[in-house]
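Asks: Under this note's numbering, residues 15 to 473 are what the sequence shown spells out, in order.
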Amino acid sequence: MTDDRRDRSGLQISRRRALTVGGAAAVSLLASGRVPTIDSLAVTRERTVGNRPVSLQHLHDAGITGEGVDVAVLDPTGFDPNHDAIAGTIDAIRQFGDESAVVEGTSHGTAAGAAVVRLAPDARLSLASFRRPSEFVAAIEWARSRGADVILAPVAAHGTAATPRSAVYRAARRTVESGSVFVAPTGNAARGHWEGPYGALADDGSTRRRLRIRPRPGTDSVAGRFRAWLVTDPAIEIDLTLSLLRSVDDGRRWNLVALSQATEDRLGQRLVADISPGTYALFVRPTSSDGAGSTDPGRESPDQTGRVSVTTTTHALASPRPLGSIAAPASVPGVIGVGVTADPENEESTDGVAAESPSGNGVSPYSGRGPTAQGRTGVDVIAPPVPWVAEEDAGTSAAAARAAGAAALVLDAAPTLDTGEVATLLRASAGDVGRSGRDLASGAGRLDVTAAVQRARAR
15 MTDDRRDRSG
25 LQISRRRALT
35 VGGAAAVSLL
45 ASGRVPTIDS
55 LAVTRERTVG
65 NRPVSLQHLH
75 DAGITGEGVD
85 VAVLDPTGFD
95 PNHDAIAGTI
105 DAIRQFGDES
115 AVVEGTSHGT
125 AAGAAVVRLA
135 PDARLSLASF
145 RRPSEFVAAI
155 EWARSRGADV
165 ILAPVAAHGT
175 AATPRSAVYR
185 AARRTVESGS
195 VFVAPTGNAA
205 RGHWEGPYGA
215 LADDGSTRRR
225 LRIRPRPGTD
235 SVAGRFRAWL
245 VTDPAIEIDL
255 TLSLLRSVDD
265 GRRWNLVALS
275 QATEDRLGQR
285 LVADISPGTY
295 ALFVRPTSSD
305 GAGSTDPGRE
315 SPDQTGRVSV
325 TTTTHALASP
335 RPLGSIAAPA
345 SVPGVIGVGV
355 TADPENEEST
365 DGVAAESPSG
375 NGVSPYSGRG
385 PTAQGRTGVD
395 VIAPPVPWVA
405 EEDAGTSAAA
415 ARAAGAAALV
425 LDAAPTLDTG
435 EVATLLRASA
445 GDVGRSGRDL
455 ASGAGRLDVT
465 AAVQRARAR
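Here it is in C-alpha cells:
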C-alpha cells in the first residue's frame with residue numbers, strides 16, 4: 015500500500031501492522047472514527063434472512079471489508095492478474111523459480127486469491143509463485159519481508175518433515191513469530207495416508223507387508239499419474255526407499271515399477287510414476303549406495319519400531335490411517351491449520367457468499383487430521399470449500415482461503431490483534447459440529463466468520 019512503512023528491522027509493515035506497533039497512534043485512529051465499527055450491527059448466530067443465516071454482506075455493509083490488511087497468497091500454479099475476481103486488488107506479483115507467476119485463466123492460485131477477496135474485498139494482495147521447496151521458503155520470506163498481515167499458502171507440502179530440520183518449518187515459524195497470521199490447509203490426503211512402525215511395511219519377501227493402492231472414490235481405475243511421499247522418523251538412522259510394485263499373474267509375482275528419490279532437502283522421499291490399469295502396492299526397504307532399494311541380507315537393518323509415514327494425494331490406500339495426515343506448513347506450531355467440511359451443499363447464500371451457520375456438515379473423509387509430530391491437534395477449524403471460482407475441487411485449499419479471508423476481516427475489525435489472538439478468536443467462535451472439545455479431524459469446529467468479527471470487536 016502507498017502508506018506502508020518499515021519497522022526498526024527494515025521489514026516493510028502494513029498500515030494494519032503499524033496500528034499494532036503504534037500504541038498511542040492506534041488509540042488516536044480509533045478515536046478519529048477511521049476504523050469502521052459494527053457496534054450498531056445486530057448480527058448474532060441466531061439471526062436469519064428468511065430461513066438462512068446472516069451472510070457476510072452484512073459485514074461488508076457495516077464497513078468490515080479488509081481495508082488496510084495486506085494478504086500474501088503463495089501458490090505454485092501462478093495467478094491471472096486480469097481475472098475479474100482479483101483485478102485491481104494486487105500490490106505485487108513475484109516469481110520464485112523458472113515457472114512464470116503470471117498465467118492466463120482460473121488457476122488454483124487465482125481461485126485462492128479470489129476467495130480471499132470475496133470475503134475481504136478491500137484487502138490488498140501480494141502474490142508469489144514457486145515450485146520447489148527452496149522456492150517456497152523464499153516466497154515465505156518475501157511475504158514476511160513485505161510485512162504481510164495474513165499469509166495464505168494453499169498448499170500441502172507432503173514429504174516435508176514437520177520438525178525444525180525442515181527449512182519450510184523454520185521459515186513458517188519465523189513468519190509467525192514476526193507477527194504475520196499464517197494460514198494453510200491440512201491437505202486432502204487422509205484417505206491416502208498410512209503411518210506406523212517401519213517393520214509393518216519392511217520388505218520380507220511376502221505380500222502381507224505391502225500397502226495396496228486403490229483408486230480415489232469417483233474413479234474406477236488407478237491408471238494415471240501416481241505420486242507418493244515417504245517420511246521417516248529421525249530414530250531410523252539409515253535412508254529408506256519407497257518401492258512401487260505391480261502385480262503379475264494374479265499376484266503370484268510382483269514387478270518393480272518405480273523407486274522413490276530423495277527430496278530437495280533430503281528429509282524425505284518422493285515417488286512419481288505413470289501407471290496403467292492393474293494392481294499395485296508399496297513397501298519400504300533400505301536404500302543402497304547407488305540410490306536403489308536394497309535387498310542385501312547383510313546390510314544393516316534399521317530399527318523395526320521406528321515410525322514411517324507414506325502419503326499419496328493422487329490415490330487412496332486400501333488400509334489408510336488418517337490420523338497424522340495433516341501436512342506442513344499447517345502442522346507447524348502457530349500456523350492456522352484449516353480442514354474442509356464434508357458437504358458444501360447449501361453453503362452458498364443468494365449473493366454468492368457462503369452463509370455462516372453454527373452447525374456444520376462434519377469433516378470430509380479426505381481432510382487432513384492431526385496429531386502433529388509434536389502431539390498437537392494440528393487442525394484449528396474446518397470450513398466449507400466456498401467460494402471457489404476454479405473448476406477443480408480444491409478441498410482444504412478452498413477452506414484455507416476462506417479462513418484467510420476471515421482473518422483479514424477480523425484484523426480490519428480489530429487491528430491490534432496479534433497472530434496468536436487471531437487464531438484463538440477463530441477457534442473460540444467456531445460452530446459446533448457435534449463433538450465436545452477440540453477434535454483431531456475438526457479442530458475447534460466450523461469457521462463462523464460473523465461470530466469471529468463480533469468477538470474481535472468486543473475485545
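Glycine residues also receive a C-beta, built at the ideal position from the N, C-alpha and C atoms.
Under the rule that 16 or more other beta-carbon atoms within 10 Å means buried, what is L270, buried or exposed?
Replies: Exposed, by the Cβ-count rule.
Asks: Can you find the residues in the same chain that come closer than 7 Å, C-beta to C-beta, to A414, ignoring five residues on each side of it along the sequence?
Replies: Closer than 7 Å at Cβ, skipping near neighbours: L166, P168, V197, A198, P199, V352.
Asks: Pairing CB atoms from the segment 341–348 with CB atoms from the segment 232–240, are three or more of them under 8 Å?
Replies: Flag = no, the segment 341–348 and the segment 232–240 do not touch.
Asks: Can you look up A40 in the DSSP assignment and give me helix, strand or coil?
Replies: Here the model assigns A40 a pLDDT of 33, short of 50, so the residue's position is not dependable and the matter cannot be decided.
Asks: Quick check: what's the CA-CA separation for L461 versus L215?
Replies: Near 38 Å, if we compare the C-alpha coordinates of L215 and L461.
Asks: Near S274, what residues of its chain come up, given a Cβ to Cβ distance below 7 Å and the 5 sequence neighbours on each side ignored?
Replies: Closer than 7 Å at Cβ, skipping near neighbours: L244, T255, L256, Q283, R284, L285.
Asks: Decide if P248 is buried, meaning its Cβ has at least 16 other Cβ atoms within 10 Å, or exposed.
Replies: It counts as exposed.
Asks: If the criterion is Cβ atoms closer than 8 Å, does the pair S143 and Q109 meet it?
Replies: Yes, the pair counts as a contact, with Cβ atoms nearer than the cut-off.
Asks: Comparing alpha-carbon positions, which option in E81, G161, S148 lies nearest R132?
Replies: Cα-wise, what sits closest to R132 is E81.
Asks: Looking at the secondary structure, which residues open and close the beta strand (DSSP E) in which F240 lies?
Replies: Taken as a continuous stretch (DSSP letters only), the beta strand (DSSP E) holding F240 covers 238–246.
Asks: Three or more C-beta pairs closer than 8 Å, one from the segment 455–469 and one from the segment 112–131: is that the case here?
Replies: Touching, no, given that fewer than three Cβ pairs across the two stretches are closer than 8 Å.
Asks: Classify W402 as helix, strand or coil using the three-state DSSP reduction.
Replies: Here W402 sits in coil by DSSP.
Asks: Could you give the C-beta distance for L225 and V324, rounded to a whole number, given that I count them as a contact under 8 Å?
Replies: Rounded, the Cβ-Cβ distance is 6 Å, consistent with contact.
Asks: What residues are listed by DSSP as bridge partners for H207?
Replies: DSSP lists T325 as partners of H207.
Asks: Compare the C-alpha of H74 against each of D263, D136, V403 and name the closest.
Replies: The shortest Cα separation from H74 among D263, D136, V403 belongs to D136.
Asks: Hey, out of R469, H329, D112, D98, whose CA is closest to P231's CA?
Replies: When only C-alpha atoms are compared, the closest one is H329.
Asks: Measure the alpha-carbon distance for G265 versus R228 and round it to whole angstroms.
Replies: About 15 Å.
Asks: With 16 as the cutoff for other CB atoms within 10 Å, does R205 come out buried or exposed?
Replies: Per the 10 Å Cβ criterion, buried.
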